[in-house]
Each structure stands twice: as C-alpha cells, then as structure tokens.
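To start, the structure itself, in structure tokens.
In my numbering, the protein residues as written are 42 to 152.
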C-alpha cells in the first residue's frame with residue numbers, strides 16, 4: 042500500500058462524511074474526523090503507515106463501531122439486555138499480529 046498524502050486522506054474523510062445522509066451537521070463531523078484521524082497523526086518523524094492505519098480506523102469506526110454502538114443504545118433504551126464483548130485475542134497461527142474479527146458477524150446475527 043502506498044503512503045497516503047494529507048490531501049488524499051482529507052478528501053477521503055470529506056467523501057465519507059458528506060455522503061452520509063444521516064448526519065445533520067456534515068461540516069462539523071467532517072472537521073472532527075479530519076482532526077481525530079488525520080491532523081493528529083501527521084508528524085514527519087513518524088512512519089508514513091501511521092496515516093494509512095488512521096484512515097483505515099476511520100472507515101472501521103464509521104461503518105462498524107458507530108452503528109453497533111447506536112444499535113446497542115437503542116436496545117438498551119428499550120429495556121433489552123445489552124452486552125459488550127471484546128475480542129482481542131491475538132492468535133499465534135497468523136503471520137501478523139492482529140485480531141481476527143470476521144467471525145463476529147456470526148455472533149451478531151439474530152437467533
């Protein structure tokens with residue numbers, strides 16, 4: 042993966058936030074995303090992969106974490122029991138050190 046430039050990362054944040062119709066204040070959310078995931082990560086002394094990882098985190102938080110949190114809040118307000126699980130085990134069977142999350146969708150499906 043090639044290193045992202047600040048401009049390209051900012052455009053990605055703009056496209057992500059401006060295209061979502063569920064937001065009321067697109068500009069504020071867009072600026073917040075840029076600050077959290079881009080501007081706070083830019084440091085010439087740091088490896089260029091830091092910005093790549095930050096943008097990946099932005100997409101992950103936008104499309105998975107935030108909707109899951111909203112859904113859990115909705116269920117909790119309705120009186121349903123809601124649980125938070127953290128799947129952080131790092132398997133020694135993979136070539137890289139990270140958690141494996143694709144199986145979580147099986148756990149989230151209704152019974």
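Every residue gets a Cβ at the ideal spot worked out from N, C-alpha and C, and that includes glycine.
Review point. Can we say the stretch 48 to 58 touches the stretch 67 to 79, given the rule of at least three CB pairs closer than 8 Å?
Key: yes
Check your understanding: In chain order, what residues of the same chain have a beta carbon less than 7 Å from the beta carbon of residue 75, not counting five sequence neighbours either side?
Key -> Reading the chain shown from its first residue, position 34 is the one you call residue 75. Here the set comprises 51 and 54.
Exercise for review: Please list, in chain order, all residues of the same chain as residue 91 whose beta carbon is under 7 Å from its beta carbon, the five residues on each side excluded.
Suggested key: One-based indexing of the chain shown puts residue 91 at position 50. Excluding sequence neighbours, residue 91 sits near 82.
Point to revise | 6 Å CB neighbourhood of residue 119 in its chain, flanking five on each side removed | key: Residue 119 sits at position 78 when you count from the first residue of the chain shown. Answer for residue 119: no residue qualifies.
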